[in-house]
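Protein chains in written order, with numbering that gives the first Met the number 0: chain A, 0 to 497; chain B, 0 to 497.
All residues carry an ideal CB built from backbone N, CA and C; glycine is no exception.
Contents: one structure, followed by commentary.
2 protein chains.
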Amino acid sequence: MELFKTFKEIQKKQKAYQLVLNIASWDSNTEAPKNAIPYRAEMLSIISGESFSLATSKAYQEAVYGLFKEKDQLNEQSRKEIERAKRGLDKIVKIPKDEYVEYAKLVNMSQRVWEDAKENDDFESFKPYLNKIIEAQKRMIRYRGHEENAYNVLLDDFEEGMSKELYDAFFDVIKTDLVPFVKEVLAKKPNEKPAFITDLYEEADQKRFVEYLMDVFNYDLDRGLLKKSVHPFTWNTHSQDVRFTVRYLKNFVFSSIFAAIHELGHALYEQQIDEDLDTTNLNTGTSMGIHESQSRFYENVIGRSYPFWEVHYDKMKTMFPKQLENVSLDDFYKGINWVEESFIRVEADELTYPLHILIRYEIERMIFEDNIDLETLPEVWNNKMKAYLNIEPQKASDGILQDVHWSAGMFGYFPTYALGSAYAAQIYYTIIEELDFEKLIKENNIAAINNWLKAKIHHFGALKKPRELLKEITNEDFNPNYYVRYLKEKYAAIYLKE
Amino acid sequence: MELFKTFKEIQKKQKAYQLVLNIASWDSNTEAPKNAIPYRAEMLSIISGESFSLATSKAYQEAVYGLFKEKDQLNEQSRKEIERAKRGLDKIVKIPKDEYVEYAKLVNMSQRVWEDAKENDDFESFKPYLNKIIEAQKRMIRYRGHEENAYNVLLDDFEEGMSKELYDAFFDVIKTDLVPFVKEVLAKKPNEKPAFITDLYEEADQKRFVEYLMDVFNYDLDRGLLKKSVHPFTWNTHSQDVRFTVRYLKNFVFSSIFAAIHELGHALYEQQIDEDLDTTNLNTGTSMGIHESQSRFYENVIGRSYPFWEVHYDKMKTMFPKQLENVSLDDFYKGINWVEESFIRVEADELTYPLHILIRYEIERMIFEDNIDLETLPEVWNNKMKAYLNIEPQKASDGILQDVHWSAGMFGYFPTYALGSAYAAQIYYTIIEELDFEKLIKENNIAAINNWLKAKIHHFGALKKPRELLKEITNEDFNPNYYVRYLKEKYAAIYLKE
């Protein structure tokens with residue numbers, strides 16, 4: 000028990016460091032003036048250093064590894080805390096501090112280089128940094144004792160329990176079953192994009208509509224707030240402080256609306272975690288994949304559904320009378336589910352989205368398994384775009400340079416985006432068995448859906464592992480067929496009806 | 000030199016702690032959701048504890064006191080750094096950590112009790128806390144070895160070099176020279192307050208005008224930002240990040256306008272400090288009094304001057320055509336310098352303001368020198384209001400409970416507010432000798448005035464002590480007669496002209 004006390008004390012301190020670093024990062028990403036950043040970066044690296052020293056301190060190691068050996072004597076929650084702490088410790092403890100510090104600098108620098116490279120469509124300037132990051136990643140995995148199967152280690156880092164084998168099975172279904180369907184839809188969809196999609200919607204009005212949506216989804220403003228930032232994100236430190244941001248594009252109102260609903264999904268997850276867990280390391284969503292399943296569920300399964308807009312379209316028309324004057328509900332529904340070949344993942348529609356992820360997954364495998372020559376990456380990228388989406392980017396910023404992830408060393412992260420959508424579909428086929436889902440949406444009773452998700456997923460925080468959770472909810476292991484079924488049912492009804 | 004290296008290393012870490020604590024406090028005071036606060040308070044107390052341990056660590060003490068002994072061998076800047084560090088250390092090093100922690104808790108609790116007491120006009124409920132705070136203050140001063148002259152210690156804490164004797168001389172001038180003048184003005188001023196002062200001005204429009212003023216005063220938005228909060232304040236971590244807030248009262252537009260100019264004064268001071276000082280403990284305004292002199296100078300000497308509105312009143316009329324339609328520049332000038340007896344210090348006009356401070360100064364002296372029975376404080380307060388301003392508050396929230404300071408343990412702070420105004424007047428009579436001040440204002444060349452203040456005051460940060468600075472600028476020691484002269488010249492012209 001002495002050991003557990005030590006563990007809790009050090010963890011509490013770590014949580015304090017994490018809190019202030021998080022608040023600083025929120026500030027940096029939403030409002031800090033430009034010139035504040037360099038000094039701040041230096042100061043924050045000191046605090047990060049303190050936090051790292053604590054997280055790898057001998058006392059903490061002894062506590063975590065000591066308790067792990069006797070974990071069967073702990074109660075369930077304490078055992079989970081120790082398991083999670085050990086998982087975190089295993090990742091960093093064998094890496095020399097120098098290597099860690101160097102890596103942090105490299106990643107910092109690479110992101111800046113990537114920004115410029117993207118701006119200038121210049122993959123060559125980014126390539127050496129990409130190479131260094133990949134080498135560093137491989138080295139760090141070796142330190143951790145996993146020379147073989149490097150990519151598996153990364154996949155498991157971002158989604159515990161996942162592996163190449165499981166993702167291969169998932170993406171095989173996408174490739175063989177979804178890709179042909181997508182091609183069929185793209186061939187049959189109308190040529191002309193409805194004008195109201197890209198009409199002008201004033202920022203202040205968009206914001207008011209987002210605020211309306213916050214209310215619809217029962218987001219608790221005593222424990223959160225909405226703000227503006229360059230890229231939308233959800234931010235949280237504990238269940239009592241869960242914020243999110245959107246951006247407002249004057250000529251693409253759906254960007255703020257669906258980003259808001261997406262982030263609300265992340266935010267509701269975090270707000271609905273048991274407050275009791277706030278003093279533990281379990282007070283957070285259990286994995287990237289499950290988190291994304293919640294954001295996609297709210298955004299797509301609820302937010303892009305017909306029943307949802309049966310309730311809310313009138314409100315939207317009142318707020319945007321000019322833009323939507325001659326747009327029927329049916330047309331609006333088609334508009335929010337508009338499908339098209341596109342280069343940029345973050346702007347892709349629900350149907351083509353997984354193909355963007357498939358491409359990244361295949362390339363990451365090549366990098367970590369086949370030691371592919373980086374020189375050829377842009378070409379590989381373009382060929383895959385051509386194969387799956389039948390379009391070919393003319394510049395690197397529309398292709399391989401579009402995403403920040405690799406410059407930040409995040410390999411193995413992309414697959415969780417598609418996985419989240421697939422989890423969401425699997426959960427959907429369970430929820431419609433257990434609730435009168437469509438009726439609840441039509442009654443504007445999102446609270447009932449929130450409650451179901453709270454009871455089944457949210458309140459647990461990280462007490463349960465992702466695959467364990469999914470199995471308990473759906474009575475089944477992860478099954479990608481639900482995802483394809485969901486997409487086919489929805490998009491066939493919109494685009495392939497005779 | 001080894002010792003100096005240690006000093007700089009520990010100081011850098013302390014600055015990192017200070018930065019994250021500051022950012023958290025900015026967040027708490029401007030946007031953090033209500034329920035975020037309790038958990039955050041607990042976490043921040045951990046970080047504060049780390050910072051305190053560092054600030055009182057043996058290594059730091061050895062470095063600071065060691066270097067102080069040999070300070071004559073240091074260059075000027077390093078010597079000033081050590082002197083300032085020693086001054087900070089002296090204040091806390093002899094206080095037992097337990098006492099410090101208890102005091103922090105007491106102050107925290109007292110502020111909450113005060114809030115309720117103010118809300119309920121209930122001095123009795125606050126009295127025991129006030130008593131505990133005063134006792135704790137006296138005890139801490141004893142620990143520091145200053146049993147005698149406790150109030151002097153507090154006065155010097157908030158304004159280095161000031162003492163009862165100096166403040167007595169200052170407030171004597173106020174009492175004998177200004178109080179009768181104020182009474183004369185109050186007797187002769189028109190009875191009816193002009194309606195445009197309390198007309199309705201929409202928040203969004205007020206904000207746009209504040210943004211216009213930011214531009215007029217050359218506030219640098221690459222190193223700052225404007226935000227809204229319950230009480231206006233300026234916030235800074237270093238010269239590259241200096242922000243300020245205002246609040247918008249729909250029926251009192253002057254509140255946001257002059258709070259903005261006031262905070263701009265604080266902010267320009269901080270933005271104009273030499274960037275080279277950012278890595279030192281000298282990267283801040285040198286004292287409360289000098290800081291307040293800058294805010295008051297911008298707010299009153301520039302912002303409430305006739306020439307200023309000769310340039311900007313047209314702009315204001317364009318932005319508020321309905322409210323100012325029939326208001327001449329002369330009437331407007333009288334409106335922004337409207338004088339009246341009022342209960343609340345923060346809403347007081349420029350002329351009666353020092354009398355509010357006089358009252359607090361006299362009461363603080365009674366508390367620390369005469370051990371006055373706290374029971375009698377409200378009565379004492381009311382009698383003084385009657386004597387100096389000829390009005391008597393009917394409730395404690397309009398009287399003794401109006402200000403947060405004492406509940407936060409800040410005794411000796413109030414006098415710096417009046418001192419700042421007096422410094423500003425003394426600086427004013429110098430600046431008009433050296434610059435064509437009125438012409439610069441009429442040419443909307445605030446930049447030239449900023450530059451003068453930068454060269455004479457701002458860029459030094461805390462390199463020079465307040466009284467030293469004042470003497471260098473004005474060729475004279477602090478002389479309160481300038482203040483009274485300034486007020487008399489200005490307000491006689493407005494109110495006592497035949």
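Terminal residues of the continuous alpha helix (DSSP H) containing residue i?
| i | result |
| --- | --- |
| residue 43(A) | 36-54 |
| residue 307(A) | 305-318 |
| residue 14(B) | 1-29 |
| residue 240(B) | Taken as a continuous stretch (DSSP letters only), residue 240(B) belongs to no alpha helix (DSSP H), being part of the beta strand (DSSP E) at 240-245. |
| residue 151(A) | 149-157 |
| residue 355(A) | 352-368 |
| residue 337(B) | No alpha helix (DSSP H) holds residue 337(B); DSSP gives it neither H nor E. |
| residue 125(B) | 122-142 |
| residue 295(A) | 287-295 |
| residue 207(A) | 202-215 |
With 8 Å as the threshold, decide whether the Cβ of residue i is near any Cβ in chain A.
| i | result |
| --- | --- |
| residue 277(B) | yes |
| residue 30(B) | yes |
| residue 281(B) | no |
| residue 222(B) | yes |
| residue 14(B) | yes |
| residue 11(B) | yes |
| residue 18(B) | yes |
For residue i, would you say it is in contact with chain B, using Cβ-to-Cβ distances shorter than 8 Å as the test?
| i | result |
| --- | --- |
| residue 33(A) | yes |
| residue 65(A) | no |
| residue 103(A) | no |
| residue 42(A) | yes |
| residue 448(A) | no |
| residue 184(A) | no |
| residue 26(A) | yes |
Between the Cα of residue i and the Cα atoms of the options, which residue gives the shortest distance?
| i | options | result |
| --- | --- | --- |
| residue 262(B) | 469(B), 495(B), 21(B) and 302(B) | 302(B) |
| residue 500(A) | 463(A), 358(A), 47(A) and 406(A) | In the structure as shown, chain A begins at 0 and stops at 497. Residue 500(A) is therefore absent and cannot be evaluated. |
| residue 461(B) | 121(B), 150(B) and 84(B) | 84(B) |
| residue 463(A) | 21(A), 159(A) and 42(A) | 159(A) |
| residue 229(B) | 255(B), 391(B) and 221(B) | 255(B) |
| residue 55(A) | 89(A), 481(A), 410(A) and 354(A) | 89(A) |
| residue 119(B) | 477(B), 400(B), 0(B) and 175(B) | 400(B) |
| residue 492(A) | 71(A), 42(A), 333(A) and 312(A) | 333(A) |
| residue 112(B) | 385(B), 126(B), 145(B) and 353(B) | 126(B) |
| residue 134(B) | 279(B), 325(B), 372(B) and 275(B) | 372(B) |
| residue 527(B) | 298(B), 297(B) and 151(B) | Absent from the structure is residue 527(B), since the part of chain B shown begins at 0 and ends at 497. |
| residue 329(A) | 28(A), 117(A) and 304(A) | 304(A) |
| residue 451(B) | 366(B), 431(B) and 212(B) | 431(B) |
So, are the CB atoms of residue i and residue j less than 8 Å apart?
| i | j | result |
| --- | --- | --- |
| residue 503(A) | residue 153(A) | The structure shown does not extend to residue 503(A), since chain A is modelled only from 0 through 497, so no value can be given for it. |
| residue 243(A) | residue 232(A) | yes |
| residue 184(A) | residue 495(A) | yes |
| residue 489(A) | residue 309(A) | no |
| residue 241(A) | residue 266(A) | yes |
| residue 32(A) | residue 284(B) | no |
| residue 336(A) | residue 349(A) | yes |
| residue 51(A) | residue 99(A) | yes |
| residue 109(A) | residue 406(A) | yes |
| residue 404(A) | residue 272(A) | no |
Which two residues bound the contiguous beta strand (DSSP E) that contains residue i?
| i | result |
| --- | --- |
| residue 115(B) | No beta strand (DSSP E) holds residue 115(B); the alpha helix (DSSP H) holding it covers 96-119. |
| residue 405(B) | First-last for residue 405(B): undefined, no H or E at that position. |
| residue 88(B) | It is not in any beta strand (DSSP E) - residue 88(B) instead sits in the alpha helix (DSSP H) that spans 75-92. |
| residue 235(B) | 233-237 |
| residue 226(A) | 225-227 |
### Query
What residues in the region 237-270 of chain B have a beta carbon less than 8 Å from any beta carbon of chain A?
Here the close residues are 237, 239, 240 and 242.
#### Entry: Under 8 Å (Cβ pairs) to chain A, residues found in the region 303-319 of chain B
Listed by position, the residues of the region 303-319 of chain B near chain A (Cβ gap below 8 Å) amount to none.
### Query
For the region 45-72 of chain A, which residues have a CB atom closer than 7 Å to at least one CB atom of chain B, in sequence order?
Considering only beta carbons, the part of the region 45-72 of chain A lying closer than 7 Å to chain B consists of 45 and 46, in chain order.
#### Entry: Contact residues within the region 412-429 of chain B, judged by C-beta distance below 8 Å to chain A
Answer set for the region 412-429 of chain B: empty.
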